[in-house]
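Numbering (the numbering used here), first residue to last: 849 to 1181.
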């Protein structure tokens, strides 16, 4: 309840909306007195919301690993322990990405074969949406991690998204095999030799939005920049288009004709419509909502958590990863 720029009000509003629309029970972890006061001041019903009091909050400036170790009574640590102990089916937070990532790895643990979970999100594109990972969890990655992200993303795209023979691409500053830093050149070699994926090679950022590939792999720093730049450009262009169409009577009449299409485009590019990004590789569903989420973003992050549980995302991933491992062993033999 304490995570994000607009907590606890936005989190509380989103949770109340999710309870009403999805028929679920939400366990809100945080400063109970503050949450109850916020609910009362804003006339937000607490029906279907159970509150668990915590005395500590992990701030965005806290060092993640130290915060997880030292702030045992923070909402992230308490919530993840509840998830581990089966007192919840999924965990949603708009708080510190680093703390959530470390906490998920150390407390909830990871699926067999996964060392570091990757933050993955669907991004709308011209032809079709693509899966971007990592988009913020692992700022620095070794080549082996990028190769693992490719495998994991391919499995998710095939088993969960229903993409047949998904194409995996590596973000780089050129399409040639020799482009990029030493880490990315080595990752390219590993991905190219990976028998478990259909590697499409390097992809330049300007071509990502074409939607010709299903999975886009990069480290968390690059992925977060790609994601936020995409959101910013979409918002700016839509605002510029609206301003152009509202210049005079003729342009206003033209705007009325395409207002519905522009509205749909705006909806597609709205990060709050997606809600959150799953930490792929965590043993149980952990969803990271956008730090700037308002009520709609929190509600949709909870919706995504519900879908992950309903579709047994972690179980599906575990089985698929086992198949991939067996296929690799067979190929090596």
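For each residue, glycine too, the CB sits at the ideal point set by N, CA and C.
None of these values were measured; they are calculated from a predicted model.
For residue 1075, the nearest candidate out of 917, 1039, 905 and 970 (CA to CA) | Translated into the one-based positions of the chain shown, residue 1075 becomes position 227. Measuring from the Cα of residue 1075, the nearest candidate turns out to be 970.
Can the beta-carbon of residue 898 be found less than 9 Å from the beta-carbon of residue 874?
-> Walking along the chain shown from the start, residue 898 turns up at place 50. Walking along the chain shown from the start, residue 874 turns up at place 26. Their beta carbons are under 9 Å apart, which means residue 898 touches residue 874 by this criterion.
Which residue spans inside the segment 891-940 form an unbroken alpha helix (DSSP H) run of at least 4?
-> Whole alpha helix (DSSP H) segments, 4+ residues: 912-918 and 923-932.
What's the C-alpha gap between residue 1181 and residue 1174?
-> Here residue 1181 is taken as the residue at index 333 of the chain shown, counted from 1. Here residue 1174 is taken as the residue at index 326 of the chain shown, counted from 1. So the alpha carbons of these two residues sit roughly 11 Å apart.
Are the beta-carbon atoms of residue 923 and residue 911 separated by less than 9 Å?
-> As a position in the chain shown, residue 923 is number 75, starting the count at 1. As a position in the chain shown, residue 911 is number 63, starting the count at 1. No.
Since residue 958 sits in a beta bridge, which residues does DSSP pair it with?
-> Reading the chain shown from its first residue, position 110 is the one you call residue 958. Under the DSSP definition of a beta bridge, residue 958 partners with 1130.
Leaving out the 5 sequence neighbours to the left and right, which residues in its chain are closer than 6 Å to residue 987 when beta-carbon positions are compared?
-> Position 139 of the chain shown holds residue 987. Counting only Cβ-Cβ distances below 6 Å, and skipping sequence neighbours, we find 1068 and 1069.
Does the segment 1048-1059 touch the segment 996-1009, meaning 3 or more C-beta pairs lie closer than 8 Å?
-> Short answer: they don't touch.
Length of the line joining the Cα atoms of residue 889 and residue 1137 = Counted from its first residue, the chain shown places residue 889 at position 41. Counted from its first residue, the chain shown places residue 1137 at position 289. Roughly 25 Å between the two C-alpha positions.
Neighbourhood of residue 1007 by C-beta, 6 Å cutoff - its chain only, sequence neighbours within 5 removed = In the chain shown, counting from the first residue as 1, residue 1007 sits at position 159. If you ignore the 5 residues before and after residue 1007, its C-beta comes within less than 6 Å of the C-beta of 1164 and 1168, all in its own chain and listed in chain order.
From residue 1176 to residue 860, what does the alpha carbon distance come to, in whole angstroms?
-> Taking the chain shown and counting its residues from 1, one reaches residue 1176 at position 328. Taking the chain shown and counting its residues from 1, one reaches residue 860 at position 12. CA-to-CA, the gap between residue 1176 and residue 860 works out to about 46 Å.
Of all the beta strand (DSSP E) runs that stay within the bounds of the segment 992-1066, which reach a length of 3 or more residues?
-> Counting only runs of 3 or more, we get 1015-1019, 1046-1051 and 1063-1065.
Those residues which DSSP pairs with residue 968 across a bridge = Indexing the chain shown from 1 puts residue 968 at position 120. Its beta-bridge partners are 981.
Given 8 Å as the limit, is there contact between the segment 979-998 and the segment 1028-1045, that is, 3 or more CB pairs closer than that?
-> With a cut-off of 8 Å, the segment 1028-1045 and the segment 979-998 count as touching, because enough Cβ pairs lie within range.
Cβ shell of residue 858 (< 7 Å), same chain only, five flanking positions each side left out = Translated into positions along the chain shown, residue 858 becomes position 10. Listed in chain order, the non-local C-beta contacts of residue 858 below 7 Å within the same chain comprise 852, 1141, 1142, 1143 and 1146, local neighbours out to five positions each way being set aside.
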